[in-house]
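To start, the structure under review is shown below, and the notes come after it.
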Amino acid sequence: MEIMKDRLKELIKKVNSDEFFNNRGLANEVPFYIFDYNPKYELEIRDFVKNRLLINLENNTRLKAVEIDLFELLLESMKNDNILESAFELEEKKGTKFLYEKLKKSFNTEIIMKYIAEKTKDKNFLILTGVGKVFPIVRTHTILNNLQNIFDHTKVLLFFPGEYTSTDLRLFGFQDNNYYRAFKI
Numbered sequence: 000m001e002i003m004k005d006r007l008k009e010l011i012k013k014v015n016s017d018e019f020f021n022n023r024g025l026a027n028e029v030p031f032y033i034f035d036y037n038p039k040y041e042l043e044i045r046d047f048v049k050n051r052l053l054i055n056l057e058n059n060t061r062l063k064a065v066e067i068d069l070f071e072l073l074l075e076s077m078k079n080d081n082i083l084e085s086a087f088e089l090e091e092k093k094g095t096k097f098l099y100e101k102l103k104k105s106f107n108t109e110i111i112m113k114y115i116a117e118k119t120k121d122k123n124f125l126i127l128t129g130v131g132k133v134f135p136i137v138r139t140h141t142i143l144n145n146l147q148n149i150f151d152h153t154k155v156l157l158f159f160p161g162e163y164t165s166t167d168l169r170l171f172g173f174q175d176n177n178y179y180r181a182f183k184i
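Here the sequence shown is numbered in numbering that gives the first Met the number 0, starting from 0 and rising by one per residue.
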């Protein structure tokens with residue numbers, strides 16, 4: 000846990016640095032960052048994002064941050080489509096796998112990008128959480144690849160409960176797919 004605490008302290012320093020704000024060292028790459036961690040620290044990471052990172056950024060005049068939890072986004076989408084309550088019945092009758100397949104179709108990349116674009120208006124820093132909570136409905140590499148299409152200067156910091164090797168995403172030890180454009184932070 001000490002190593003994780005040190006990494007989180009360093010993350011706050013990094014996010015507040017001129018280097019981070021000015022995208023130094025990125026060589027015209029997209030300013031996407033992945034903070035990977037052992038899934039056993041999930042609750043500590045959630046607490047850190049809400050009670051330390053976001054609070055630290057409240058008075059930052061350069062970075063206008065918004066956190067989007069993909070699971071909360073899924074629930075919002077289901078409520079807006081009036082299918083949240085019926086989803087429980089559907090899962091009970093037809094099974095979890097059937098429900099996942101239905102949700103993958105209704106909570107598709109286009110819908111997710113629309114919600115993210117709406118929630119990031121007037122923001123230049125997206126903190127993305129909840130990727131583990133929506134797996135396997137939503138795949139991390141798909142989100143990151145599509146965010147490149149809607150953001151050019153917006154920084155993205157993804158909290159990833161798994162391992163990112165700069166070429167490979169492994170959520171909970173499962174290979175999520177290759178992704179090459181983010182920087183491990």
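Note that CB positions come from ideal geometry on N, CA and C, so glycine has one too.
Along the chain, where does the beta strand (DSSP E) that runs through residue i open and close?
i	result
Lys154	Lys154 to Tyr163
What's the gap between the Cα of residue i and the Cα of residue j?
i	j	result
Leu156	Ile136	21 Å
Glu1	Ala64	27 Å
Asn134	Ser16	Looking at the sequence provided, one finds Phe at residue 134 rather than Asn. Cα to Cα, the separation comes out at about 32 Å.
Lys8	Leu42	17 Å
Ala181	Pro30	7 Å
Asp80	Phe87	14 Å
Glu109	Lys96	22 Å
Phe99	Lys4	First, the amino acid is wrong: residue 99 is Tyr here, not Phe. Distance between the alpha carbons of Tyr99 and Lys4 is about 35 Å.
Phe124	Arg169	24 Å
Leu146	Met112	7 Å
Pro160	Ile126	14 Å
Leu102	Lys118	21 Å
Ser85	Ala116	27 Å
By DSSP, does residue i sit in helix, in strand, or in coil?
i	result
Ile54	helix
Ile184	coil
Arg23	coil
Leu98	helix
Phe47	helix
Thr128	strand
Leu89	helix
Asp80	coil
Asp68	strand
Asp121	coil
Quick one: residues in its chain with C-beta nearer than 7 Å to the C-beta of residue i, no 5 flanking neighbours on either side, listed in chain order?
i	result
Ile44	Tyr36 and Phe158
Lys183	Ile33, Asp35, Tyr163 and Ser165
If you follow the alpha helix (DSSP H) that residue i is in, where does it begin and where does it stop?
i	result
Tyr40	Run containing Tyr40: none; DSSP gives neither H nor E here.
Asp167	Unbroken run through Asp167 is the beta strand (DSSP E), Asp167 to Leu170; no alpha helix (DSSP H).
Asp5	Glu1 to Val14
Ile111	Thr108 to Lys118
Ile142	Thr139 to Ile149
Only counting the same chain, and skipping five residues up and downstream in sequence, which positions put a Cβ closer than 6 Å to that of residue i?
i	result
Phe106	Leu73 and Ser76
Gly129	Asp68, Leu69 and Phe70
Lys132	Phe70
If you count every other CB in all the chains shown that lies within 10 Å of the CB of residue i, and 16 or more means buried, which is it?
i	result
Thr139	buried
Gly94	exposed
Ile54	exposed
Ile149	exposed
Phe47	buried
Glu66	buried
If I measure Cβ to Cβ from residue i and keep anything under 8 Å in the same chain, skipping five residues before and after, which residues do I get?
i	result
Phe19	Lys13 and Lys154
Asn59	Asn15
Asp121	Lys63
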